[in-house]
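Sequences listed follow chains A and B, in order. Anchor point for the first sequence: position 105 equals 105 in UniProt numbering, and the numbering is continuous, going up by one each time. Anchor point for the second sequence: position 88 equals 88 in UniProt numbering, and the numbering is continuous, going up by one each time. Written out below as structure tokens is the structure these notes cover.
Protein chains: 2
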Amino acid sequence: MPQDEIRARGLRLTPQRQLVLNAVRELGHATPEEIANTVRQMHPGINLSTVYRNLETLETAGFIIHTHLGHGGATYHAADEITHLHLVCGKCGKVDESELADAKDFVEIILKKRGFATDVTHFAIYGTCAACQVK
Amino acid sequence: MPQDEIRARGLRLTPQRQLVLNAVRELGHATPEEIANTVRQMHPGINLSTVYRNLETLETAGFIIHTHLGHGGATYHAADEITHLHLVCGKCGKVDESELADAKDFVEIILKKRGFATDVTHFAIYGTCAACQVK
DNA sequence: TAATTCAGCGCAATTACTTGCAATTAATTC
DNA sequence: GAATTAATTGCAAGTAATTGCGCTGAATTA
Ligand SMILES: [Mn+2]
Ligand SMILES: [Mn+2]
Ligand SMILES: [Zn+2]
Ligand SMILES: [Zn+2]
């Protein structure tokens, strides 16, 4: 049964926690506010601070991961869903995706030169999309 | 004279604006709070909102650029000072730098495959530094 | 230099996120 | 299934960044 995955990581299974995890899995790229709204369909009283704290706990436990797509806050993914780069256009805001493999050589260069192990998904790749370059 | 550069871009030259620009140029990688503290040495009464608004105005005018080094807010550079990648360690927080040229091939791949023009300096390159990998 | 105008200022209110703490409740033990 | 214990919750207060608005003063004109 799915709730055992939470207990298996040494965490208490609360309705709030399970619903936050379900919401992240359903939504993908979701903000804390969007996650809270989804959770409230099943559990109207949940406090925003509970959502934020559960996102942190679930990330530490390895169920979810946050990434930064824009200038501000974070969005959350299921941990096994991070299989792509995020390309974010600074002009129109569109979020495109590309393969992780595209960054393989770059990651290797930085590792060899600096000994630095890059996580290319944590921050978005920022720039200007094809459509916005034409304008 | 240096103040003419501000007027030349169609902006009013106020003491606050000039001091914010000077502070960004002196400090490099500076947060709005650090910039405010520097400005206050000359102009104690300046309001934080004035600092934030001037940073925005000076960026639009092309004098400065913001980048994201951490999970939160932005830091500011002089526009002509962006000559390197930022490598930020998620474990110890250390910020290293590397050459823009290291990303040249990666930028080309994304441009060819997606038509997307990457600005590799806007977001930091996130990962784990050599020292923190050993631990 | 004096009068005019509106960009930019300070301040207070708002939004987004975080933290401290007492009450609740999931999990364990009897 | 009642008692125990401590993780987790809700709530209220705190901190960081943003916005609305009336006043100020930099720039222009005469
Ligand atoms: Mn940004
Ligand atoms: Mn982050
Ligand atoms: Zn675009
Ligand atoms: Zn490190």
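For glycine and all other residues, C-beta sits at the position ideal for the given N, C-alpha and C.
Does the Cβ of residue i have 16 or more other Cβ atoms within 10 Å, making it buried, or fewer, making it exposed?
{"i": "residue 208 (chain A)", "result": "The first residue shown for chain A is 1 and the last is 135, placing residue 208 (chain A) beyond what the model contains."}
{"i": "Leu58 (chain B)", "result": "buried"}
{"i": "Met1 (chain B)", "result": "Confidence in Met1 (chain B) is poor, its pLDDT being 46 and thus under 50, which makes the residue's placement unreliable; the coordinate value appears in the next sentence. Exposed, because fewer than 16 other Cβ atoms sit within 10 Å of the Cβ of Met1 (chain B)."}
{"i": "Ile114 (chain A)", "result": "Residue 114 (chain A) is actually Arg in this sequence, not Ile. Classification of Arg114 (chain A): buried, given that the 10 Å Cβ count is 16 or more."}
{"i": "Val51 (chain B)", "result": "buried"}
{"i": "residue 148 (chain B)", "result": "Any property of residue 148 (chain B) remains undetermined from this structure, which presents chain B solely from 1 to 135."}
{"i": "Cys92 (chain A)", "result": "exposed"}
Kindly list, in the order they appear in chain B, the residues whose Cβ is closer than 9 Å to that of residue i.
{"i": "Leu87 (chain A)", "result": "Ile110, Arg114, Phe116, Thr118"}
{"i": "Ser98 (chain A)", "result": "Ile109, Ile110, Lys113, Arg114, Phe116"}
{"i": "His29 (chain A)", "result": "Neighbours of His29 (chain A) on chain B: none; closest Cβ ~16 Å, over 9 Å."}
If I measure Cβ to Cβ from residue i and keep anything under 7 Å in the same chain, skipping five residues before and after, which residues do I get?
{"i": "Leu19 (chain B)", "result": "Val39, Met42, His43"}
{"i": "Ala103 (chain B)", "result": "Leu85, Val120"}
{"i": "Arg53 (chain B)", "result": "none"}
{"i": "Thr128 (chain B)", "result": "Cys89, Gly90, Lys91"}
{"i": "Ile46 (chain A)", "result": "Gln16, Ala36, Val39, Arg40"}
Keeping to the same chain, check which residues put their C-beta closer than 6 Å to that of residue i; ignore five residues upstream and five downstream.
{"i": "Val88 (chain B)", "result": "Leu69, Val95, Ala124, Tyr126"}
Mind listing the chain B neighbours of residue i? Cutoff is C-beta to C-beta under 7 Å, in chain order.
{"i": "Ala103 (chain A)", "result": "Phe106"}
Please compile the residues from chain A whose C-beta is within a distance smaller than 9 Å of the C-beta of residue i.
{"i": "His84 (chain B)", "result": "In chain order: nothing, as chain A lies at least about 12 Å away."}
For a contact defined as C-beta to C-beta under 8 Å, what are the partners of residue i on chain B?
{"i": "Ala74 (chain A)", "result": "His71"}
How would you list, in chain order, the residues of chain A whose beta-carbon sits under 8 Å from the beta-carbon of residue i?
{"i": "His68 (chain B)", "result": "His68, His71, Phe123"}
Can you find the residues in the same chain that come closer than 8 Å, C-beta to C-beta, to residue i, ignoring five residues on each side of it along the sequence?
{"i": "Leu55 (chain B)", "result": "Val20, Val24, Pro32, Ile35, Ile64, His66, Tyr76"}
{"i": "residue 143 (chain B)", "result": "Given that chain B is displayed from residue 1 to residue 135, the structure contains no residue 143 (chain B) and the question cannot be resolved."}
| message | Using a Cβ-Cβ cutoff of 7 Å, what residues of the region 118–133 of chain A are near chain B? List them in chain order. | response | Thr118, Asp119, His122, Phe123, Ala124, Ile125, Tyr126, Gly127, Thr128, Cys129, Ala130, Gln133
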